[in-house]
Amino acid sequence: MSDFGTPMPGPARAAGEPHWKPSLGKVGRLTPRERETFLLLAEGLSNESMARRLYVTERTVRAHVAAVMAKLELDSRLAACLASYAFAVHSCTGRCPGMLAASHS
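The sequence shown begins at 1 in full-length UniProt numbering and counts up one residue at a time.
As structure tokens, this is what we get:
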């Protein structure tokens, strides 16, 4: 925010480009566990479901999701889910287990 309470402009992006797209270039910042969590966001899972898949507590999932959003500079879970889906489709098609690979076979 500026001193006058108005939002500061974000980084420049191409016209029509989704606001979450620049985050795809920052996925390398994630730890392996954060990356697993990031990829599970593409499936639209709840924190509870992700916790079961990762064998951790729901609180730990919340911490991982928060870390993912901070490192990728995303402001909402929806933006994180959209970025995750785009990343998974682009990088995992045919090679990753789970919903995304199966839907593109």
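Where a beta carbon is used, it is the ideal one built from N, C-alpha and C, also for glycine.
> Nearest-angstrom Cα distance between Leu100 and Ala88?
Replying inline: Position 100 of the sequence shown, counting from 1, holds the residue named residue 100. Position 88 of the sequence shown, counting from 1, holds the residue named residue 88. The predicted model places Leu100 with a pLDDT of 49, which falls under 50 and marks its position as unreliable; any figure quoted below should be read in that light. Linking Leu100 to Ala88 through their CA atoms gives a straight-line distance of about 7 Å.
> Three-state secondary structure (DSSP) at Leu45?
Replying inline: By 1-based counting over the sequence shown, the position of residue 45 is 45. The answer is coil: DSSP assigns Leu45 none of H, G, I, E or B.
>> Excluding the 5 residues flanking Ala86 on each side, which residues of the same chain have their C-beta closer than 7 Å to its C-beta?
In response: As a working mapping, residue 86 is identified with position 86 in the sequence shown. Same-chain partners within the cutoff: Leu24.
>> With a threshold of 8 Å on Cβ separation, who are the neighbours of Glu73 within its own chain once the five nearest residues in sequence on each side are excluded?
In response: For the purposes of this step, residue 73 is taken as residue 73 along the sequence shown, with counting starting at 1. Sequence-distant partners of Glu73 (beyond 5 residues in either direction) whose C-beta falls short of 8 Å from its own C-beta, in its chain, are Pro22, Ser23 and Lys26.
> On the premise that Met50 lies in contact with Leu40, defined as a C-beta separation below 8 Å, what is that separation, rounded to the nearest angstrom?
Replying inline: Locating residue 40 in the sequence shown gives position 40, counting from the first residue. Locating residue 50 in the sequence shown gives position 50, counting from the first residue. Contact flag correct, Cβ pair sits at about 5 Å.
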